[in-house]
Amino acid sequence: MPREEKPATPPVPLVPESLYAMGSAFQADGRVSWLPKHTTGWQATNAYAIVTPDRTTLIDPGPRYQGELVASQLLDLVPSDTSINICLTRAERDVIGAIDSVGRSFPIERLVAGGIPNLFDGFESLASVKSGGHSGFVQMSRMPNGSAIPIGDDRELIVLAPMLRVLSTFWFYDAETGSLFTSDSFDHLLADTFEEARLPCSEPSKIWSDPTAVDDHLLAKFWWLEGAALAPVRSDLEKLFGERTVNRICPTHGRVIEGAEHVAAAYEAIQSALSRLDEGSLTRGAHQ
């Protein structure tokens with residue numbers, strides 16, 4: 001992954017005093033596997049902090065190169081002796097690489113991922129992490145689909161297992177803020193500048209302005225969609241959104257999608273692309 005080329009930025013308040021976006025951004029140059037080769041612009045690499053009076057939860061710390069940055073951004077939000085819970089959507093390096101840096105700066109209370117123990121889903125390689133506030137390691141715990149992870153102040157993260165995925169992947173939902181953390185899905189919004197990439201997108205003109213972007217991004221990341229029977233995937237996505245109030249989509253890559261109207265536009269764009277794939281009218285490279 002190309003490294004960030006701009007100075008560090010402070011945490012971005014998505015819900016003041018409650019939910020923050022952290023991390024950095026990189027300039028697309030054809031070397032990142034989850035982006036179409038022709039993609040240009042800046043893509044955010046996001047970590048999220050949920051702050052409550054009695055607990056702080058970090059979702060997807062991010063790639064290794066931004067570890068010290070994320071730890072520094074957390075220090076802008078909470079004191080260094082604050083116990084941190086870390087929740088992971090995937091076991092891939094663009095999600096877990098920064099954990100060691102966070103563990104050197106904060107005591108890690110709990111490390112959580114979705115699912116159940118499985119030797120073959122990638123999380124086994126991250127069974128424990130070193131914590132700055134403990135003498136030993138913090139063991140990972142697994143939470144099945146539908147489980148609730150306490151995040152303090154009577155709030156919970158609900159574990160969701162989407163069908164739109166490649167490897168073992170989980171989403172999280174925070175009902176308090178209506179935030180859906182979608183890992184490597186809904187990552188299609190890039191920006192012209194580093195600074196813009198770090199900000200949530202809440203302008204209609206900036207949502208899916210390129211009608212082919214969703215198609216290209218879906219096939220770049222989820223290669224198996226081409227030729228697959230996608231009715232179950234579409235139904236699963238409809239259920240995931242239909243059963244919840246979603247005010248914002250928080251992907252691991254790409255700009256946060258802010259506002260129910262724009263969330264609906266993003267959802268419909270994904271469903272439309274899946275429908276075209278299912279009908280065979282959309283194929284890899286059709287827009288390249």
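Under the UniProt record's numbering, think of the first position of the sequence shown as 1, with each following residue one higher.
Glycine included, every Cβ here is placed at the ideal spot set by N, Cα and C.
Checklist entry - Under 7 Å between the Cβ atoms of Ala21 and Tyr48? => result Here residue 21 refers to the residue found at position 21 of the sequence shown. Here residue 48 refers to the residue found at position 48 of the sequence shown. In this structure, the beta-carbon distance from Ala21 to Tyr48 falls below 7 Å.
Checklist entry - According to DSSP, is His253 helix, strand or coil? => result For this step, residue 253 is matched to residue 253 along the sequence shown. If DSSP states are grouped into helix, strand and coil, His253 belongs with the strands.
Next on the checklist: What does the alpha-carbon distance come out to for the pair Val256 and Gly280?
Outcome noted: In the sequence shown, residue 256 corresponds to position 256, counting from 1. In the sequence shown, residue 280 corresponds to position 280, counting from 1. Distance between Val256 and Gly280, taken at the CA atoms: about 30 Å.
Next on the checklist: If you follow the alpha helix (DSSP H) that Asp216 is in, where does it begin and where does it stop?
Outcome noted: Along the sequence shown, read from residue 1 onward, the residue named residue 216 stands at position 216. Counted as a single uninterrupted DSSP element, the alpha helix (DSSP H) harbouring Asp216 occupies residues Ala213 to Lys221.
Next on the checklist: The beta strand (DSSP E) that contains Phe26, what's its start and end?
Outcome noted: For the purposes of this step, residue 26 is taken as residue 26 along the sequence shown, with counting starting at 1. Here the beta strand (DSSP E) through Phe26 covers Leu19 to Gln27.
Item to check | C-alpha distance - Asp54 paired with Ala28, whole-angstrom precision | outcome: Locating residue 54 in the sequence shown gives position 54, where the first residue counts as 1. Locating residue 28 in the sequence shown gives position 28, where the first residue counts as 1. Within the model, the alpha-carbon separation for Asp54 versus Ala28 is close to 39 Å.
Item to check | Contacts around Phe186, its chain only, beta-carbon distance under 8 Å, and the 5 residues preceding and following it disregarded | outcome: For the purposes of this step, residue 186 is identified with residue 186 of the sequence shown, where counting begins at 1. Closer than 8 Å at Cβ, skipping near neighbours: Ile249, Pro251, Gly254, Ile257, Ala266 and Ile270.
Item to check | C-alpha gap between Val246 and Pro16, whole angstroms | outcome: Along the sequence shown, read from residue 1 onward, the residue named residue 246 stands at position 246. Along the sequence shown, read from residue 1 onward, the residue named residue 16 stands at position 16. Here the C-alpha atom of Val246 lies approximately 17 Å from the C-alpha atom of Pro16.
Item to check | Among Ser147, Thr56, Asp60 and Leu164, nearest to Leu218 - alpha-carbon criterion | outcome: The residue labelled residue 218 in the question sits at position 218 within the sequence shown. Of Ser147, Thr56, Asp60 and Leu164, the residue nearest in Cα terms is Leu164.
Checklist entry - Which of the three DSSP states, helix, strand or coil, is assigned to Glu176? => result As a first step, residue 176 is located in the sequence shown; it is residue number 176 there, counting from the start. Of the three classes helix, strand and coil, the one that applies to Glu176 here is coil, per DSSP.
Checklist entry - Does the count of Cβ pairs from the region 229-237 and the region 172-182 closer than 8 Å reach three? => result Under the Cβ criterion (8 Å, minimum of three pairs), the region 229-237 does not count as touching the region 172-182.
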